[in-house]
Structures are given as C-alpha cells and as structure tokens.
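Structure record follows, encoded as structure tokens.
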Amino acid sequence: MTEAETKIKLHPHDWLLKYTILLLIPYAIKPNHFTYLRLALTPLVLYLVTISNYYWALIAFVLVALTDAIDGSLARTRNQITELGKILDPVADKFLIASTVFVLMLKHINVFISLAIIAMEAAFLLGWYINKRKGREVRVNVWGKLKMDLQVIGVAILLLGLTINKPLMFRYSEGTLFFAIIFAGLSLFAAERTI
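So, in structure tokens, the structure goes:
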C-alpha cells in the first residue's frame, strides 16, 4: 500500500475526541477493547431495562453507546483499524440498538417503528455479510452514521422520558427513531451505489 492509500480520513468528532477523551486512553488499550466492552455491557443495559430501572439503564446505555464513538475515533486517530474491528464494530452496534429497541418495544415503543428498526439492522448485517463474502469493501457512509446517532438519541430520549415519567417524550423518541429509519434507507441506497 502506498502512503496515500493508508491515509485515514478523520471525521469531525474524531478531532474533538482526539484532544479530550482519547488523551486519557493508554496506547496499550486498543479500539477493539472498547468494542468487546460494548458487547459485554449490552446485556447489563437490557437487564436494567427489563427490571424497569430506567435511571441506570439510561446512564448505562449512553456510556455503552459512547464506546462506539471512542473505538472508531481511536482506530482512526491512532491508525489501528483492523479487519476484526471492521467485523465486530457493526455487530456490536446492531446488538446494542436492536436488542434494546426490542426490549423497550415490548412496553413502550410503537411496534411498527421497532420492527422496522430491527429489520433494518438485520438487513444491514446480512448485506454486510454478503458483500464481505464477495470480497467487497464495505464502508460506513454519512447516512449510516446519522442513522446510528439518531437511534442512540431516540432510545436515550425514551429512557429519559421513562426516568422522569414524561410520556410525551415517547413521541419525541418515536419521531427520532422514524427519522433513523429514513436515514437507514438512504444509507442502504448510498451503499448500493458505492459498492
């Protein structure tokens, strides 16, 4: 590979994290460690939601979701992108979002929005798997990042509404998750055009 091929494009949030949170992370800790942490802590989030401890579920969910931003920024800013990370990161994301939405769906979310999100996440994983098997490079696009951000925000708004007992926030959560579905569609369309 030439130097130009190995040049990694940083996202705007990478610069913010590079000069704040990432300064606190020793070089011995790799990006994949944060991905493993997200996979390991997602069941804790699910447990807290299941027992209706929404205050701690909100805190745990936000912290676990933050590991997604940290592992990506760490990989890009320290040039530590690995093939394993390219596989595990989207799986960990889908596991966190789809499972949390599924558990919340049972009590609080519009069933159709929830099923659409879960179906989209399954479609993303299937599409990613098929493209990997065919040897195609699969990259996250801006629409996919917006989708993930909106999903995290939508779930966090719902958990906050449950924490402070404000059912009106459920509608804001549903609206945010609806927009996440739209961006998921745009992400799939953009992926089709770039692959």
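The sequence shown begins at 2 in my numbering and counts up one residue at a time. Ideal Cβ positions, reconstructed from N, Cα and C, are used throughout, including at glycine.
How would you write the range of the alpha helix (DSSP H) that Gln152 sits in, first residue to last? Residue mapping note: residue 152 aligns to position 151 of the sequence shown, counting from 1. Per DSSP, Gln152 belongs to the alpha helix (DSSP H) from Val143 to Thr164.
Given Thr21 as reference, the closest of Leu126, Ala124, Trp57 and Thr78 once Cα atoms are compared: As a working mapping, residue 21 is identified with position 20 in the sequence shown. Measuring from the Cα of Thr21, the nearest candidate turns out to be Thr78.
Return helix, strand or coil for Lys31, following the three-state DSSP convention. For the purposes of this step, residue 31 is taken as residue 30 along the sequence shown, with counting starting at 1. Lys31 falls in the coil class under three-state DSSP.
Contacts around Ala58, its chain only, beta-carbon distance under 7 Å, and the 5 residues preceding and following it disregarded: Numbered from its first residue, the sequence shown carries residue 58 at position 57. Excluding sequence neighbours, Ala58 sits near Val46, Leu49, Val50 and Leu160.
Below 8 Å on the Cβ atoms is my guess for Leu155 versus Leu178; work out the distance and round it to an integer in Å. Counted from its first residue, the sequence shown places residue 155 at position 154. Counted from its first residue, the sequence shown places residue 178 at position 177. Checking the sequence, you will find Gly at residue 155 rather than Leu. Right, the Cβ-Cβ distance comes to about 4 Å (below 8 Å), so this counts as a contact.
Proximity winner among Asn132, Ile88, Ile60 and Phe171, relative to Gly73 (alpha-carbon distances): For the purposes of this step, residue 73 is identified with residue 72 of the sequence shown, where counting begins at 1. Comparing Cα-Cα distances from Gly73 to each of Asn132, Ile88, Ile60 and Phe171, the minimum goes to Ile88.
Within the continuous alpha helix (DSSP H) that includes Thr101, where are the two ends? Along the sequence shown, read from residue 1 onward, the residue named residue 101 stands at position 100. Note, Thr101: alpha helix (DSSP H), Glu84 to Met106.
I need the boundaries of the alpha helix (DSSP H) containing Leu75, first residue and last residue. For the purposes of this step, residue 75 is taken as the residue at position 74 of the sequence shown. Here the alpha helix (DSSP H) through Leu75 covers Tyr55 to Thr78.
Can you round the beta-carbon distance between Met106 and Ser115 to whole angstroms, since I take them to be within the 8 Å contact cut? For the purposes of this step, residue 106 is taken as residue 105 along the sequence shown, with counting starting at 1. For the purposes of this step, residue 115 is taken as residue 114 along the sequence shown, with counting starting at 1. About 4 Å separates the two Cβ atoms, so the contact holds.
Contacts around Leu18, its chain only, beta-carbon distance under 6 Å, and the 5 residues preceding and following it disregarded: As a first step, residue 18 is located in the sequence shown; it is residue number 17 there, counting from the start. Closer than 6 Å at the Cβ level, and outside the excluded window around Leu18, lie Ser74.
In terms of alpha-carbon separation, which member of Thr83, Ile52, Ile82 and Leu97 lies closest to Leu42? Counting from 1 along the sequence shown, the entry for residue 42 is found at position 41. Comparing Cα positions, the closest option is Leu97.
Just the C-alpha distance for Lys31 and Gln81, rounded to the nearest angstrom, thanks. Residue numbering aside, residue 31 sits at position 30 when the sequence shown is read from its first letter. Residue numbering aside, residue 81 sits at position 80 when the sequence shown is read from its first letter. Cα-Cα distance, rounded: 8 Å.
Within its chain, find whatever has a CB closer than 7 Å to the CB of Thr164; leave out the 5 residues flanking it on each side and keep chain order. On the sequence shown, residue 164 is found 163 positions in, with the first residue counted as 1. Hits under 7 Å: Tyr55, Tyr56 and Leu59.
Assuming Phe103 contacts Thr68 (C-beta within less than 8 Å), just tell me the rounded distance between them. Your numbering for residue 103 matches position 102 in the sequence shown. Your numbering for residue 68 matches position 67 in the sequence shown. Rounded, the Cβ-Cβ distance is 20 Å, inconsistent with contact.
In whole angstroms, what is the alpha-carbon distance linking Ile131 and Asn166? By one-based count along the sequence shown, residue 131 stands at place 130. By one-based count along the sequence shown, residue 166 stands at place 165. Looking at the two C-alpha atoms, the distance is approximately 43 Å.
Can you tell me where the alpha helix (DSSP H) holding Tyr130 begins and where it ends? Against the sequence shown, residue 130 aligns to sequence position 129. Start and end: Val112 to Arg134.
According to the Cβ coordinates, are Ile183 and Met121 closer than 8 Å? As a position in the sequence shown, residue 183 is number 182, starting the count at 1. As a position in the sequence shown, residue 121 is number 120, starting the count at 1. Contact: no.
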